Amino acid sequence: MSPVVQTFKLSKWYGNILGLSEVSLDVHPGITGLLGPNGAGKSTLMKLLTGQLKPSLGRVLVAGERIWNNPALFRRIGYCPEHDSFYEDTTGRQFLAGLLRLHGCCAAEAARLTESALKLVELWGDKNRLIRGYSRGMRQRLKIAQALAHDPEILILDEPLNGLDPLGKRKIIRLVKEFKAENKTVLVSSHVLPEVEALTRDIILMHQGKILAAGDIHDIRDLIDTHPHVVALRCSRPRKLAARLIEEPHVLKVHLGPDGLLTLETDNRDLLFGRLPALVLELDLDIEEITSPDDNLQAVFDYLVGK
Amino acid sequence: MSIREKGYHRWDGRLQERRRAWRPITRLGIRLAFKRKFFKFAFSLSFLPAFVFLAGIYLSERLQDFRGFIQKDAVPIQVLPKYFLSYLTADFLLFMTVILLIFCAAGLVADDLKHNALQLYFSRPLTKWDYLLGKAAVVIFFVLLLTFVPGLLLLVFKLIFSGSFAFVVDHPGLPLAIAVYSAMAAVFFASYSLLLSSLCRNRRTASFLIFGVYVFSDMLAGILQGIFRSPYAGLVSVKSNLKIAASPLFGVKPPLEVPWACSCLILSAVVAAAVWVMNRKIRGVTVIK
Amino acid sequence: MRAASRAAVFFFDLGRRAKRTKFFFALGLVPVLLSLLLRLRHVLSVSPRGFSGDFFYSNVILPFYVQFLLLMLALFFGTSVILEEVEGRTLAYLLTRPLSRAAVVLGKFAAYAGLGLMVMNIGLLASFLILKIEGAADPEVWVTLARDAAVLDLSLLCYLSLFTFLGTLVKRAVFFGLLFCFGWENVIAYFPGLTQKLAIAHYVKSLIPQPPGQAFSFLRLMLEPSPPLVAVLILLGLTAVFLAAAGLVFSAKEYLSPD
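Chains as they are written, first to last, in the working numbering: chain A, 1 to 307; chain B, 1001 to 1289; chain C, 2001 to 2259.
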């Protein structure tokens, strides 16, 4: 599958401040999470991908074409900006319909698409209220609505879950997943790792303007050889299992907590999981729980950033 | 019972209530004004009339040195209280004061309204009057720098160039007149600019209003004077009101034949209107219906 | 062009709802009120003082438009074309539509020009009718109105295009605009010869007949007028140049939100 979004050694300076440094990435159809702390360069990258900023160095291609000053591409792109800004003196319906008319839609089509988009984000009931009277969550949903109202193939969402309550977040996450099901491309940025984990396993990790890692969360985790994997076990006779496991060459560390939780560090998780069933049978144990506490984005990010 | 780690120490002191809470607001406003591009240029340009009038004072004391350059029938410069009034109410000085207001005053309230910063202010032990006083003090500072300071300095230089205190002895009310007029102008311009700044949420619009109202009032006064042929039409003009109100302080006939009390009343009405509007606009919480 | 017209319709719709448009409509009615005042005074006066509607129209209403309202409208709307979007952080919505950047500028310019022209022409027509109603049967009177309206409209478009260009170029466009209108153009008017031609106001005033009498000193004109055709061509040319420049600058420049 050819990438939908490509960047080649993309760099961006704001005067003396480096926003992005030699970012080369490919975004394929599906949902890709763009992760990083505040100031990592996520919004800068998104603005470059949507042609709002010009690269200082490098190239950006969206659907195989350069994005800067290429308005025709925006028929296929929907963008949800980070900032909470609107034309405050308009209603939600007027705002959406107006933007759809800029797409070249006739009045009837704009009205139809507006209704569809507002219903999708559950703002139809407040369509005739002025935007200045909308709550934070409603404003965020309106931003998402304007991004997908014209049914784009590519969605670029900059912190779309900001300001939403947990129920609202779940609805938007479900909406974004439906996009994936239609074989569209979604690039979602966030600094809240669990939100992105709920959306996708394909991530791009950024820090200080650079890409730290890109790909599947688990693959990235496996590639971090410098950090052993952590596995936590709860069983009937943890001391016995601990004594047995410490003899295994791939087990680097064994810790028995006061609550009976057995925590292991291993440099080969697959080998450990391969040996575990045999050990359990040999020692006649009852395993209550097995988890990988560091097989998540937070741990991956912490390892890569070097915390 | 588990041992808990105490991460803080109880403070045994007394909380002192600082009743000059407006000062940080003023300091910040002044600092931000100086950071703006072109403000320093405009600010420097505003002192041009002071230098011109200073040169006039020098020339008036050293007239014999310049006899060769001056026509025989030329009227010599007379440095009297009217001279100081001319400086303080010079068209160019007032125009530059308005330009400076665009830089230092336009965003004082407008930016806070735009960014919902009022909640940040009033979630601290700050009263509404501290806030308003702090903002007004920014404008008062700059206006006094343009009026009171140069006005007094011109008087000092007059004494230095004349070599005696005779001038002050002859016109003992002049220092007070300079101070009173400067204070009046400062309070008026502070109220005027804060009123217009609080009417919009955009600094650019506020800049526009500050300049536009000043120019429009003058233009309208001229038109109404033409229609009605009455000096009272001049009371519409901001500039004229300042000149008329200043005249009795310096013992000079007003430029228009209008009681100076009318101008004072109009200037006071603007200040009162500003206080009323800002009292309504400056709130910690805004209810949007 | 179609993209620009879509943008124009969008922004016209937005602009007509805005409070500032209502404010400018109110400001545009000031000449109407003044005309009504004069008319009432004339009607109620025991001994008429000799002001004619023609005189007041030529000496007050037209100069009020030329030296104040037109400039204020052009300055405010012109600088708002781009700066409003940048300051309000709504530029992202426009730049991520299938509209060229030049179309955004042109469309918004057209929308604000429409609003400005409405404000000015409604006030001008109303003032004109109030002051010259006696001569309404004379076609010459309507020709005069059409000529004055055309001059003011062309002037508004020229100034608007200048300030639109200024707004795409610099952040402090209002400051520079005020310096230009009330500084440069006022000062240069008193310079003789070719120097006068370095101001847009020169060409505007060249198209307006000299007012009779000097009743209103602050509106005094010191002019060595250019031929009318030259003035029209220069104004049209300047409008086109500034608009093209605005489109070019906006297409090439990136705008950072004021973070």
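All residues carry an ideal CB built from backbone N, CA and C; glycine is no exception.
Quick caveat: nothing in here was measured; it's all calculated off a predicted structure.
- Judged by DSSP in its simplified three-state form, C:Arg2147 adopts helix.
- For C:Asp2013, the chain A residues whose C-beta falls within less than 7 Å of its own C-beta are Gly98, listed in chain order.
- The beta carbon of C:Arg2097 falls within 8 Å of a beta carbon belonging to chain A, placing the residue at that interface.
- At a Cβ-Cβ threshold of 8 Å, B:Ser1193 and B:Leu1133 do not count as neighbours.
- For A:Gln146, the C-beta contacts it makes with chain C under 8 Å involve Tyr2093, in order along the chain.
- With respect to the 8 Å criterion, C:Ala2245 and C:Phe2165 are classified as neighbours on the basis of their beta carbons.
- Scanning chain B for C-beta atoms nearer than 7 Å to the C-beta of C:Leu2178 yields Phe1211, reported in chain order.
- In the same chain as A:Gly163, and ignoring 5 residues on each side of it, the C-beta atoms closer than 8 Å to its own belong to Asp84, Arg136, Gly137, Arg139 and Gln140, in chain order.
- In the pairwise beta carbon analysis, the segment 1201–1210 of chain B is classified as touching the segment 1106–1113 of chain B: at least three pairs are separated by under 8 Å.
- A:Leu279 is not bridged by DSSP to any residue.
- Rounded to the nearest whole angstrom, the C-alpha separation of B:Leu1113 and C:Ala2173 is 22 Å.
- Residues of chain C with a Cβ closer than 7 Å to the Cβ of B:Thr1205 are, in chain order, Arg2020.
- At a cut-off of 8 Å between C-beta atoms, C:Glu2085 does not count as an interface residue with respect to chain B.
- For A:Cys106, no beta strand (DSSP E) encloses it, and the DSSP letter there is neither H nor E.
- Of all residues in the segment 50–65 of chain A, those with a C-beta nearer than 7 Å to a C-beta of chain C are Thr50, Gly51, Gln52, Leu53 and Lys54, reading in chain order.
- At a beta-carbon threshold of 7 Å, none of the residues of chain C lie near B:Lys1281; the nearest stands roughly 14 Å away.
- For A:Val5, the enclosing beta strand (DSSP E) covers residues Val5 to Tyr14.
- Closer than 8 Å to the CB of B:Met1184 there is not a single CB belonging to chain C.
- Under a criterion of Cβ atoms nearer than 8 Å, the residues of chain A adjacent to C:Thr2090 are, in order, Ser85, Phe86 and Tyr87.
- A:Gly58 carries a strand assignment under DSSP once its states are collapsed to helix, strand and coil.
- In terms of beta-carbon proximity, C:Phe2010 lines the interface with chain A, with at least one pair separated by less than 8 Å.
- Look at C:Gly2114 here: in three-state DSSP terms it is helix.
- Proximity of C:Ala2113 to chain A, defined by a Cβ-Cβ separation below 8 Å, is not satisfied.
- Annotation for C:Thr2021: Gly2015 and Leu2115 place their beta carbon closer than 7 Å to its own, counting only its chain and skipping 5 residues before and after.
- Under the 8 Å Cβ criterion, the segment 2137–2146 of chain C does not count as touching the segment 1161–1181 of chain B, having fewer than three qualifying pairs.
- What C:Ser2100 touches in chain A, judged by beta-carbon distance under 8 Å, is Asn69 and Pro71, going in chain order.
- Put simply, of A:Ser2, A:Lys42 and A:Ser24 the residue whose alpha carbon is nearest the alpha carbon of A:Leu10 is A:Ser24.
- With distances taken between CA atoms, A:Val5 lies nearest to A:Met46 out of A:Pro37, A:Met46 and A:Ser21.
- Rounded to whole angstroms, the gap between the alpha carbons of B:Leu1220 and B:Val1236 is 7 Å.
- Chain order gives no chain C residues near B:Phe1161, where near means a beta carbon separation below 7 Å; the closest approach is about 32 Å.
- Within the same chain, Cβ atoms closer than 8 Å to the Cβ of A:Asp286 are found at Cys235 and Ser236, the five residues on either side in sequence being excluded.
- Per DSSP, the unbroken beta strand (DSSP E) holding A:Tyr79 starts and ends at Ile77 to Cys80.
- Between A:Ile220 and A:Pro152, the C-beta spacing is not below 8 Å.
- For A:Ser2, the closest of A:Ser56, A:Ala63 and A:Leu20 by C-alpha to C-alpha distance is A:Ala63.
- Within chain C, Arg2006, Val2009 and Phe2010 have C-beta atoms less than 8 Å from the C-beta of A:Arg101, given in sequence order.
- Straight across, the Cα-Cα distance linking C:Ile2200 with B:Ala1269 is about 39 Å.
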